[in-house]
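Visitor: Quick one: structure below, then a few questions.
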Amino acid sequence: MTDADGDTANLTFQVYTTNADGTPKAQVDLDGAGQHGVLVSPFVTSGSTAKVTVPYGKLKPGVLYKFRTSAFDGSLYETSWSPWADFRIEPYVKFPAPQTTPPIDSTVQEIREFTRTDPGPALPLLSSNGEVERKATQERSCGKPDSEGRKLCIDLSPPTAESKARAKQRAESQREAEKMRRAGGAAAAPAVELVDWCYDKPVGKDYMTRGEACLKNLGSGVLVFIDTDGAELGAGLFDFEQRIKAYPNKGSSGSDFAEFDQQVVIVPIEVDAALEGVTMRWSVGSNCKACVTSTTRWRDNQNNDAGPTAYWKATEADQNSGRWGTVQTTWNGTGKETIDLGWSVTASVDASATAFAAADFGSTGIEGVRELAPRCDDIVKGSAPGCVLPYYKTTWTVDSNRYPAASAYYWYMQQVMPDHAGSRRWDSLMHYLGPDTPVKNSAGTTWTSSNSRNVICGPSSAWSLHPTDAAVGSVDCDEYAMASTHESGGYPKSVNLVTSGTKCAQFYTDKMGDGTANFGILADTRAATNGPAGTERCGRAAISSEQNQKAFSGFPAPTWRMLDGDGFFVTLPGFEHCKDTTTTCTWRKVG
Numbered sequence: 020m021t022d023a024d025g026d027t028a029n030l031t032f033q034v035y036t037t038n039a040d041g042t043p044k045a046q047v048d049l050d051g052a053g054q055h056g057v058l059v060s061p062f063v064t065s066g067s068t069a070k071v072t073v074p075y076g077k078l079k080p081g082v083l084y085k086f087r088t089s090a091f092d093g094s095l096y097e098t099s100w101s102p103w104a105d106f107r108i109e110p111y112v113k114f115p116a117p118q119t120t121p122p123i124d125s126t127v128q129e130i131r132e133f134t135r136t137d138p139g140p141a142l143p144l145l146s147s148n149g150e151v152e153r154k155a156t157q158e159r160s161c162g163k164p165d166s167e168g169r170k171l172c173i174d175l176s177p178p179t180a181e182s183k184a185r186a187k188q189r190a191e192s193q194r195e196a197e198k199m200r201r202a203g204g205a206a207a208a209p210a211v212e213l214v215d216w217c218y219d220k221p222v223g224k225d226y227m228t229r230g231e232a233c234l235k236n237l238g239s240g241v242l243v244f245i246d247t248d249g250a251e252l253g254a255g256l257f258d259f260e261q262r263i264k265a266y267p268n269k270g271s272s273g274s275d276f277a278e279f280d281q282q283v284v285i286v287p288i289e290v291d292a293a294l295e296g297v298t299m300r301w302s303v304g305s306n307c308k309a310c311v312t313s314t315t316r317w318r319d320n321q322n323n324d325a326g327p328t329a330y331w332k333a334t335e336a337d338q339n340s341g342r343w344g345t346v347q348t349t350w351n352g353t354g355k356e357t358i359d360l361g362w363s364v365t366a367s368v369d370a371s372a373t374a375f376a377a378a379d380f381g382s383t384g385i386e387g388v389r390e391l392a393p394r395c396d397d398i399v400k401g402s403a404p405g406c407v408l409p410y411y412k413t414t415w416t417v418d419s420n421r422y423p424a425a426s427a428y429y430w431y432m433q434q435v436m437p438d439h440a441g442s443r444r445w446d447s448l449m450h451y452l453g454p455d456t457p458v459k460n461s462a463g464t465t466w467t468s469s470n471s472r473n474v475i476c477g478p479s480s481a482w483s484l485h486p487t488d489a490a491v492g493s494v495d496c497d498e499y500a501m502a503s504t505h506e507s508g509g510y511p512k513s514v515n516l517v518t519s520g521t522k523c524a525q526f527y528t529d530k531m532g533d534g535t536a537n538f539g540i541l542a543d544t545r546a547a548t549n550g551p552a553g554t555e556r557c558g559r560a561a562i563s564s565e566q567n568q569k570a571f572s573g574f575p576a577p578t579w580r581m582l583d584g585d586g587f588f589v590t591l592p593g594f595e596h597c598k599d600t601t602t603t604c605t606w607r608k609v610g
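Rendered as structure tokens:
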């Protein structure tokens, strides 16, 4: 408002709905107390902004309105209204009522590729994008000469086009064999395969889930028998693969202990007659303090007993005569233990009684990563002792069909929180608040999610219910990040720690007034006139009680053996198509 004489003045605000063409339609009764239906601002100095607060319910989200003003300086009224200006109350996210079908599987996990940090000295070290970070440091590994001065050596190499083609052919053969086996009523999983989905994965990459690892990047090995002059007497070519399977509880393993199993796959491609025969033994090293590891059990491609070692006569070696060596490791410890492993293969030939060569297959990973190191524990509540591969980060997929309000709010917070907690898009993990957390509450007992929740939404957090349309129903205070995570604003060691929930971004759910059956997440302007700044480290929102209570219920901490600090993602499939928060994100049905 400006006044030519520099006087103070107020503004009268008048609001209209609009026709389809955007012209004024009908006046909105803003005050409900008088015949004019307008709101008048306090007097303000010339050059200042005049404001009025419209009571809740007078204006509906999603509706296009027009407003205009007229000034009064205490003695003179403006002789005409200002030009019309348009406005609309837009939600941050828009969604329908909960859908009953189709349900979304919240616990389904994808098989992910990963890169080993210690593949052994004979293979290159790769970065996550597949580029070579370190070349192989060992071209050939040779054993000591035998009594005649002959030596046995192994050359390992990464997968080649030829070895990939061989593996593809083997997978196709195995697939056909499976069809015949299943047609006969056999079990669904390949009988000899420790990780039933692994055989069909492309060679040259490594894959894992939280319980299984499929190593198809071990490459090939050439076994070379040389004389004292270095001349080659004979050679054999072999392809290698490896598997790991961790059982989440002792019931699933079939033993009375927590257990993880390991398997090596050795496929002879060709063996020169000069070697007569080849024997390979698999060695598994471990730093486990409470483990018992079995001897290697060898099977052939048809899951028949293949004896105490992997052995082939030169005339029997072809890629249909693979050997599958499996060892079982049981853990009977207490607390938790992360177990480092190392692997090697030792080869010998019938042509020499004492010539041996060993190939180093690397370890479970460098310190600080340990991507293949199993972790066993007896801590997880509601579960027998078990083991997992904690390097794999699980994903909780919120059923955004059934819980669209909670999903909408979570999605928005993931985009605007400085740490983007839980977002796959931002590659930002949440970390589970486990029963083994060392953090204590004021009573000296273990800090729990209830302690975190009390800071954000508890009785002393100054949370008050924002008025909403009756269609919204009963609502609760829903905090983000979740109270069961290290990212919660109430967790004492959180990067998002706040002293009170009043420091969080404040939202509420309301019915859209645009004639649709949609709802929206809107700013609680009682807390901040212009809504959240987008820099808040936590959020709290009035969300449907049922959605608040069920959207994250069923989180399978025992099944996934989640311990304190374990990372996971939260995905919101009905909203992941939205690129950013500059416009309203609108829900899409999934399934």
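Residue 20 is where the sequence shown starts when you use this note's numbering, and the numbers rise one by one after that. Just so it is clear, CB atoms sit at the ideal spot from N, CA and C, and this is done for glycine as well.
At what residue ranges does the region 377-461 contain a whole run of the beta strand (DSSP E), taking only runs of 3 or more?
Guide: 394-396, 405-407 and 413-416
Visitor: For W482, does the count of other Cβ atoms within 10 angstroms reach 16, so buried, or fall short, so exposed?
Guide: As a first step, residue 482 is located in the sequence shown; it is residue number 463 there, counting from the start. Answer is buried; the Cβ neighbour count reaches 16.
Visitor: Can you tell me where the alpha helix (DSSP H) with C476 in it begins and where it stops?
Guide: Residue 476 sits at position 457 when you count from the first residue of the sequence shown. It spans S468 to C476 - the alpha helix (DSSP H) in which C476 sits, taken as one unbroken run.
Visitor: Taking only the alpha-carbon atoms, compute the straight-line gap between A333 and A372 and give it to the nearest angstrom.
Guide: Within the sequence shown, numbered from 1, the residue matching residue 333 stands at position 314. Within the sequence shown, numbered from 1, the residue matching residue 372 stands at position 353. Taking the straight line from one Cα to the other gives about 16 Å.
Visitor: Counting contacts by CB-CB distance shorter than 8 Å, is T64 in contact with chain D?
Guide: Included in the structure is just one protein chain, with no chain D present.
Visitor: Secondary structure at N262, three-state DSSP: helix, strand or coil?
Guide: Within the sequence shown, the letter at position 243 stands for residue 262. Checking the sequence, you will find Arg at residue 262 rather than Asn. Residue state, collapsed to three classes: strand.
Visitor: For T590, which residues does DSSP report across the bridge?
Guide: Counting from 1 along the sequence shown, the entry for residue 590 is found at position 571. DSSP, once it has assigned bridges, lists T416 as partnering T590.
Visitor: Check N339 in the structure and name its three-state DSSP category.
Guide: Here the question's residue 339 lines up with position 320 in the sequence shown. Reduced to three states, the DSSP call for N339 is coil.
Visitor: Does S271 come out as helix, strand or coil in the three-state DSSP assignment?
Guide: Along the sequence shown, one-based indexing puts residue 271 at 252. S271 falls in the helix class under three-state DSSP.
Visitor: DSSP three-state call for G240: helix, strand or coil?
Guide: As a working note, residue 240 is residue 221 in the sequence shown. Reduced to three states, the DSSP call for G240 is strand.
Visitor: On the DSSP letters alone, give me the boundaries of the beta strand (DSSP E) that P115 sits inside.
Guide: In the sequence shown, residue 115 corresponds to position 96, counting from 1. Per DSSP, P115 belongs to no beta strand (DSSP E) and is neither H nor E.
Visitor: Here's a check: name, in chain order, each residue in its chain whose Cβ is nearer than 6 Å to the Cβ of N29, leaving out the five neighbours to either side.
Guide: In the sequence shown, residue 29 corresponds to position 10, counting from 1. For N29, the CB contacts under 6 Å within the same chain, skipping 5 residues up- and downstream, are V59, S60, F62 and F91 in chain order.
Visitor: Please classify K459 as buried or exposed, where buried requires at least 16 other C-beta atoms within 10 Å of its C-beta.
Guide: By one-based count along the sequence shown, residue 459 stands at place 440. The residue is exposed, with fewer than 16 neighbouring Cβ atoms inside 10 Å.
Visitor: Quick one: residues in its chain with C-beta nearer than 7 Å to the C-beta of K220, no 5 flanking neighbours on either side, listed in chain order?
Guide: Along the sequence shown, read from residue 1 onward, the residue named residue 220 stands at position 201. Contacts found: Y226, C233 and K235.
Visitor: Could you tell me the alpha carbon to alpha carbon distance between W317 and S363, rounded to whole angstroms?
Guide: Indexing the sequence shown from 1 puts residue 317 at position 298. Indexing the sequence shown from 1 puts residue 363 at position 344. If you take the alpha carbons of W317 and S363, they lie about 16 Å apart.
Visitor: So within the region 119-145, which uninterrupted alpha helix (DSSP H) runs reach at least 4 residues, ignoring any that extend past its ends?
Guide: none
Visitor: What residues are listed by DSSP as bridge partners for G539?
Guide: In the sequence shown, residue 539 corresponds to position 520, counting from 1. According to DSSP, which records beta bridges pairwise, G539 is partnered with K113 and D529.
Visitor: List the DSSP bridge partners of M227.
Guide: Here the question's residue 227 lines up with position 208 in the sequence shown. Paired residues: R131 and A232.
Visitor: Straight-line CA distance for D359 to D319?
Guide: If you number the sequence shown from 1, residue 359 lands on position 340. If you number the sequence shown from 1, residue 319 lands on position 300. Using only the alpha carbons, I get a separation of about 28 Å.
Visitor: Skipping 5 residues on each side, what residues in its chain have a beta carbon closer than 6 Å to that of A186?
Guide: On the sequence shown, residue 186 is found 167 positions in, with the first residue counted as 1. Exclusion of the five residues before and after A186 leaves V222 as the residues of its chain whose Cβ lies within less than 6 Å of its Cβ.
Visitor: Between the Cα of M501 and those of R472, E152, F594 and L582, spot the shortest distance and give me the residue it belongs to.
Guide: For the purposes of this step, residue 501 is taken as the residue at position 482 of the sequence shown. When each option's Cα is compared against that of M501, the closest is R472.
Visitor: Helix, strand or coil for N29? Go by DSSP, reduced to three states.
Guide: By one-based count along the sequence shown, residue 29 stands at place 10. Strand.
Visitor: Can you determine whether any heavy atom of the ligand NAP sits closer than 7 Å to the C-beta of D246, and answer yes or no?
Guide: Absent from the structure shown: the ligand NAP. Ligands present: none.
Visitor: Please name the residue in Q33, D165 and E132 whose C-alpha comes closest to that of F106.
Guide: Residue mapping note: residue 106 aligns to position 87 of the sequence shown, counting from 1. When the alpha-carbon of F106 is set against those of Q33, D165 and E132, the nearest one is in Q33.
Visitor: Does the region 385-397 come close enough to the region 151-169 that 3 or more CB-CB pairs lie under 8 Å?
Guide: Result no; under three Cβ-Cβ pairs closer than 8 Å.
Visitor: Apart from the five residues on each side of it in sequence, which residues of its chain come closer than 8 Å, Cβ to Cβ, to V517?
Guide: As a first step, residue 517 is located in the sequence shown; it is residue number 498 there, counting from the start. Closer than 8 Å at the Cβ level, and outside the excluded window around V517, lie V474, I475, G508, G509, C523, R556 and C557.
Visitor: Would G230 pass as a contact of F244 if the rule is Cβ separation under 8 Å?
Guide: Taking the first residue of the sequence shown as 1, we reach residue 230 at position 211. Taking the first residue of the sequence shown as 1, we reach residue 244 at position 225. Not closer than 8 Å, so no.
Visitor: List the DSSP bridge partners of C496.
Guide: In the sequence shown, counting from the first residue as 1, residue 496 sits at position 477. The partner list for C496 (beta bridge, DSSP) reads A561.
Visitor: What is the DSSP secondary structure of Y84, counted as helix, strand or coil?
Guide: For the purposes of this step, residue 84 is taken as the residue at position 65 of the sequence shown. Looking at Y84 - three-state DSSP - the assignment turns out to be strand.
Visitor: Can you find at least 3 beta carbon pairs, one from the region 479-494 and one from the region 396-413, that sit closer than 8 Å?
Guide: no
Visitor: Grab me the residues of G139's own chain with a C-beta within less than 7 Å of its C-beta, minus the 5 sequence neighbours each way, in chain order.
Guide: By 1-based counting over the sequence shown, the position of residue 139 is 120. Excluding residues within five positions, the ones whose Cβ falls inside 7 Å are D379, F380 and G381.
Visitor: Starting from the C-beta of A462, find all residues in its chain whose C-beta is less than 7 Å away, skip the five residues before and the five after it, and write them out in chain order.
Guide: Position 443 of the sequence shown, counted from the first residue, corresponds to residue 462. Correct list: empty, nothing qualifies.
Visitor: To the nearest angstrom, how far is it from the Cα of S313 to the Cα of T348?
Guide: Here residue 313 corresponds to residue number 294 of the sequence shown, with the count starting at 1. Here residue 348 corresponds to residue number 329 of the sequence shown, with the count starting at 1. About 6 Å.
Visitor: Measure from the alpha carbon of T31 to the alpha carbon of each residue in M199, P43, G93 and G593, then state which is nearest.
Guide: The sequence position of residue 31 within the sequence shown is 12, counting from 1. The candidate whose alpha carbon is nearest that of T31 is G93.
Visitor: Kindly confirm or deny that the region 440-447 and the region 531-538 touch, where touching means at least three C-beta pairs closer than 8 Å.
Guide: Verdict: no, contact absent.
Visitor: Given this structure, state the Cα-to-Cα distance separating M432 from G344, to the nearest angstrom.
Guide: In the sequence shown, counting from the first residue as 1, residue 432 sits at position 413. In the sequence shown, counting from the first residue as 1, residue 344 sits at position 325. For M432 and G344, the distance between alpha carbons rounds to 49 Å.
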